[in-house]
Every structure is written in structure tokens, then in C-alpha cells.
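Numbering (my numbering), first residue to last: 78 to 275. The beta-carbon is built from N, C-alpha and C at its ideal position, and this holds for glycine as well.
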């Protein structure tokens, strides 16, 4: 192998851990939508919602739970991630992503992005299904006073590893400059997410 070939191979060879990425708009089929709507009316949904809420609130008070929860608490971002537990149906866990998105939409938020990303890692494929939501924009009030950011911008995502559920993540990002009103409290947002519908 010539010196030039060695240099070319070093510069352009596939490095370990290199990724192949697929990025597409996420769409649910009509059949998936119907199954999700049936699930929303089921006892399984109510039970899973209660378990997730309990796990979240247990984590906030340092009590161990069957479900593993991670909490993010920063000045400009708050959120949580709930790891998949094998006692939960993988399909029901996936439906929870759409359910959390629907709960945010009930706050008059608007859905601005829906996507699916697949990244090939060294030993596995990671797939992320993601919804990004923003509060309504009051165009008339923008010029005169700070913008009402409500709770902030909301990201709801689910990560799969080799097509198996790994975790659900909710992240709320806020603005802290003078152009925006103070965000509403994250705890109130979480209460709304886990509130059972009548």
C-alpha cells in the first residue's frame, strides 16, 4: 500500500462507532391510530399512567420504585425520563409517548415537529421518536409586553434500542430573558401530564 493510500484510508475510512443516520417524519398509520384510541379508553392506560406518576413522585422524595426515573432540574430546563420495565407491554409504553403529547396539546400548545431518527451505533441501533411542542404565540401582545411562554417549549421522546423500548423522556425548556414572562411551574406541568381523564 502506497503512502498516499495509507493517508487516504486514515482520513476517509469508517471509524469504529461511526453512525449511519436516518431522519424522517414520524407518521402513525390509521390502524395504529385506532389501536391507540382504544388503548386510551382502557384500564391498562390508567394503570400505566398511575405507575408512571407514582414512580415520578417517589423519585422526587427519594423512595425506590419498580420503574427507574431520572429527573432533570436546571434553571432553563426541567424534565424526567422513565426507563422501560419488562412488566409493561412494549406497545402500551409506546402509546404513552402519544398520550403525553396529547396531554400537552390540551394546554393549547401547538405541535411544531414530529420526527423519527435512527442511528447505527457500534453494537446497536438507536431509534428516537420525538414530538416538539410550543405554546401558542400571541402576535398582538408580542410588541407591547413580554411573551407568555407558559411552561416553555416541550420535547417528548421515546428511545428504542434494537427496536426494544428503552425509555420515555419529557423535557421542558424555558427562556429567562426580559422578552419572556416567567414560565409556569414545572410541577404543575407534571401534574397535568399525569392527571387522569374522566
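Contact between the region 171–178 and the region 147–158 is absent, with fewer than three C-beta pairs closer than 8 Å.
Setting aside the 5 residues that flank it on each side, residue 257 is surrounded in the same chain by 223, 224 and 226, each with a C-beta closer than 7 Å to its C-beta; the list follows chain order.
Assigned with DSSP and collapsed to three states, residue 204 falls in strand. If you look at residue 195, you'll find it isn't in any alpha helix (DSSP H); it sits in the beta strand (DSSP E) that goes 187–197.
Per DSSP, residue 258 lies in no beta strand (DSSP E) segment and is marked neither H nor E. Looking at the DSSP output, residue 157 bridges to 148 and 247.
A distance below 8 Å between beta-carbons, with the five flanking residues on each side excluded, links residue 141 to the following residues of its chain, in chain order: 135. Here the alpha carbon of residue 206 sits roughly 12 Å from the alpha carbon of residue 243.
Looking from the CA of residue 238, the closest CA among 153, 118 and 161 belongs to 161. Residue 158 and residue 129 have their C-alpha atoms some 10 Å from each other. The Cβ atoms of residue 233 and residue 208 lie closer than 8 Å to each other.
Relative to residue 269, the option among 240, 180, 187 and 199 whose CA is nearest is 180. For residue 118 against residue 194, the beta-carbon gap comes to about 31 Å, at or over 8 Å, which does not count as contact. Residues of the same chain with their beta carbon placed closer than 6 Å to that of residue 176 are lacking, with the five preceding and five following residues left out of the count. Cβ contact annotation for residue 273 (same chain, cutoff 8 Å, sequence separation greater than five): 123, 126 and 127, in chain order. Residue 209 is bridged by DSSP to 190 and 232.
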